[in-house]
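What follows is a single structure, written as structure tokens, with notes after it.
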DNA sequence: TATTAGCAGTCGAATTAAAGGAGTGCTAAA
DNA sequence: TTTAGCACTCCTTTAATTCGACTGCTAATA
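Residue numbers (the numbering used here), protein chains in the order written: chain A, 1369 to 1709; chain B, 1369 to 1709.
Next comes the structure, spelled out in structure tokens:
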């Protein structure tokens, strides 16, 4: 494939991303390649179609990028510097605000990306079940109520409220605290399970119900942090592809299927941008969309995964540029600010 | 207005709620009033139109209820027993599960209502800033990090994490705990403000930054609980009125305007169902929708407010029946289970 | 051999015309 | 007061037509 064909393919994708309309040979000549004739472009387009990079919507229509065309475009034809000084400043300001919890950072990052890219953005925080426990605290909030607080080695704090059907005493709580800490410090969160329940019961001989309840609630809490953040849900709605009610409904449905979104986000690889174009998505409902994910991490510290969902003709250049830039900021912040998270 | 006209009006509203199509005199005769002729119905309809209860979409169309018509319908023509045994059982099962936090109950109630009514449901928990403080605890999570836990007299628990730029000691934390409790126990949450900040500084002479930070974070936390729960966002999308892109976009926009929804919910009156039909909504974007709100409470214990949003031809009967039934269950549960919430 | 001008042919989108039918309002009779 | 019957309205659907933006191909040109 010669250089001119590449330029034409790139022009077709760029133009289609901008206008959402099939691109004609004339448009290419007028806006991109004024020094060749439309007939030449037509010849090249015919060949590009033959090898599968572009398609026609009907016999006499202009061309539209195919999945293969988009793929070549993002893999080879794209430069990732599509981010303005204003945007850089905006992102910097947003991410500079001091946050107390990693969740808050995740939330702010998510909304910032959505605002800059104008696409729907989802994200999930770091997986806590894989993290190691730094400390567990139990705080009594009444005779039958406890708050459990877990601090992980990555500085993430989780807490939950536990209620009992019977009274507990401060002494019991203290004993529990000691036992949990001595047994679990440095271990991963998913060590809190059935065997531990039995172990504690054997050690302390408290009411099995109390111990059961505690373990259950902590497990529930760990599971609960697979929480999805979603920003800019209606951002896509002004795009022409959403004129089709089918597309719009598919989109709304997919956003409501938390599990699907979580699967996609969690399949990410650390520090790597992944792009799923149309049919490349496992999920049938996503066939008309592209998803770009990025799993942020600093060292071995997982900062969660962010995903952007847009039409297949999404502005890949802008999205990827923003992702890369935000990743750099997160890296810097976390290197200089130390380990607390 | 004679009895027959009322019956015809009711039939028109019922039929329109079911079909979303203008209702003809023939339909009334066939499905509702087989013993009178369509000409008679036409005469009555002409009069109902004259006094403003129904409207035509064009000269030779059937009739559609006007805002005034809906209003009469919900005020006078409706029976609130539109709830099946299966639904009663379903609701009962859902709400019976033991919950640890009022927020969880709010969430479950919201999703249950949405599932039964098939309409989008929003809700907000009880307003915490008006509640009185039962106890405040500070838990150290490291030399520069604290968790503040506030238990209110209604049994609601709020917590937040506070980070400092300088070290604090356990003694300081204990002193703060004592001071906060002695000063604030029994007082309302919005007492935590600037004057308190000064008072504490004068008493303890700790770094003003520490005290400032604590007060700020607690205020942030209190504000944070104006959180909106939303279920069944895409429930309405199958309704014919959502074929119009304008209507659909208005709907999506309104759901994204948290503040608008909060205003509507918080304007509610305790234990009273409020119905806003079309233009009766203050918000322009809601002119094509109806909103029904119910502020649940048991005694003086606010359980939060639930709102249902649907088309103007929403199934008022079903929605209101469900609301009333759920309110009864919440009342019972909270009477028998005691005050913990 | 690569490029280009020119033109026939295709097909969707927009416009217009016509037909069909679901309703109403009104009149006059029961 | 109710009802049958009929003229009239106007929306909806379908079909026919026009319009124009494309392409592909051929033949000429550099």
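All C-beta atoms in this analysis are idealised placements derived from N, C-alpha and C, irrespective of residue type, glycine included.
In this text, all values refer to a predicted model and were calculated from it rather than measured experimentally.
Cα-Cα separation, residue i to residue j
| i | j | result |
| --- | --- | --- |
| residue 1581 of chain B | residue 1541 of chain B | 14 angstroms |
| residue 1532 of chain B | residue 1518 of chain B | 19 angstroms |
| residue 1384 of chain A | residue 1431 of chain A | 9 angstroms |
| residue 1634 of chain B | residue 1696 of chain A | 42 angstroms |
| residue 1597 of chain B | residue 1474 of chain B | 8 angstroms |
| residue 1660 of chain B | residue 1677 of chain B | 7 angstroms |
| residue 1646 of chain B | residue 1654 of chain A | 35 angstroms |
| residue 1698 of chain A | residue 1512 of chain A | 42 angstroms |
| residue 1649 of chain A | residue 1625 of chain A | 15 angstroms |
| residue 1545 of chain A | residue 1590 of chain B | 29 angstroms |
| residue 1484 of chain B | residue 1563 of chain B | 48 angstroms |
| residue 1570 of chain B | residue 1701 of chain A | 36 angstroms |
| residue 1690 of chain A | residue 1450 of chain A | 8 angstroms |
| residue 1479 of chain B | residue 1629 of chain A | 20 angstroms |
| residue 1506 of chain A | residue 1566 of chain A | 19 angstroms |
| residue 1627 of chain B | residue 1417 of chain A | 51 angstroms |
| residue 1369 of chain A | residue 1670 of chain A | 41 angstroms |
| residue 1424 of chain B | residue 1608 of chain B | 18 angstroms |
| residue 1663 of chain A | residue 1371 of chain A | 34 angstroms |
| residue 1399 of chain B | residue 1444 of chain B | 22 angstroms |
| residue 1378 of chain A | residue 1668 of chain A | 37 angstroms |
| residue 1556 of chain B | residue 1572 of chain A | 40 angstroms |
| residue 1587 of chain B | residue 1595 of chain B | 15 angstroms |
| residue 1550 of chain A | residue 1543 of chain A | 11 angstroms |
| residue 1389 of chain A | residue 1656 of chain A | 15 angstroms |
| residue 1391 of chain B | residue 1391 of chain A | 47 angstroms |
Residue j beta carbon less than 8 angstroms from that of residue i
| i | j | result |
| --- | --- | --- |
| residue 1376 of chain A | residue 1409 of chain A | yes |
| residue 1560 of chain A | residue 1568 of chain A | no |
| residue 1622 of chain B | residue 1651 of chain B | yes |
| residue 1499 of chain A | residue 1471 of chain A | no |
| residue 1373 of chain B | residue 1415 of chain B | yes |
| residue 1612 of chain B | residue 1638 of chain B | no |
| residue 1552 of chain B | residue 1501 of chain B | yes |
| residue 1620 of chain A | residue 1610 of chain B | no |
| residue 1419 of chain A | residue 1433 of chain A | no |
| residue 1491 of chain B | residue 1672 of chain B | yes |
| residue 1459 of chain B | residue 1694 of chain B | yes |
| residue 1548 of chain B | residue 1504 of chain B | yes |
| residue 1469 of chain A | residue 1508 of chain A | no |
Other residues of its chain near residue i: CB distance less than 7 angstroms, five sequence neighbours each side excluded
| i | result |
| --- | --- |
| residue 1600 of chain B | 1482, 1487, 1488 and 1489 |
| residue 1593 of chain B | 1493, 1496 and 1526 |
| residue 1632 of chain B | 1659, 1661 and 1675 |
| residue 1393 of chain A | 1406, 1409, 1410 and 1413 |
| residue 1574 of chain A | 1540 |
| residue 1692 of chain B | 1448 |
Close-in-space but distant-in-sequence residues of the same chain around residue i (CB under 8 angstroms, 5 per side omitted)
| i | result |
| --- | --- |
| residue 1535 of chain B | 1511 and 1512 |
| residue 1476 of chain B | 1462, 1463, 1465 and 1467 |
| residue 1395 of chain B | 1383 and 1430 |
Residues of its chain near residue i, where Cβ-Cβ distance is below 6 angstroms and the 5 sequence neighbours each way are ignored
| i | result |
| --- | --- |
| residue 1438 of chain B | 1645 |
| residue 1381 of chain B | 1433 and 1441 |
| residue 1554 of chain B | 1500 |
| residue 1585 of chain B | 1528 and 1530 |
| residue 1558 of chain B | 1497 |
| residue 1428 of chain A | none |
| residue 1685 of chain A | 1446 and 1450 |
| residue 1436 of chain A | 1420 and 1421 |
What are the complete alpha helix (DSSP H) segments, minimum 4 residues, inside the stretch 1380-1439 of chain A?
1393-1399 and 1406-1418
Should the stretch 1454-1470 of chain B be regarded as contacting the stretch 1400-1417 of chain B, the criterion being three or more beta carbon pairs within less than 8 angstroms?
no
So, does the stretch 1508-1518 of chain B touch the stretch 1513-1529 of chain A, judging by three or more C-beta pairs under 8 angstroms?
yes
Evaluate the contact criterion for the stretch 1603-1617 of chain A versus the stretch 1638-1646 of chain A: three or more CB pairs, one atom per stretch, below 8 angstroms.
no
Does the structure place the stretch 1680-1690 of chain B close enough to the stretch 1378-1393 of chain B that three or more beta carbon pairs sit under 8 angstroms?
yes
Enumerate, from N- to C-terminal direction, the unbroken alpha helix (DSSP H) stretches of 4 or more residues contained entirely within the stretch 1451-1539 of chain A.
1453-1464 and 1470-1485
Please give me, in chain order, every unbroken run of the beta strand (DSSP E) with length at least 3 that falls completely inside the stretch 1621-1653 of chain A.
1641-1645
Which full runs of the alpha helix (DSSP H) of 4+ residues lie inside the stretch 1558-1582 of chain A, going along the chain?
1562-1572
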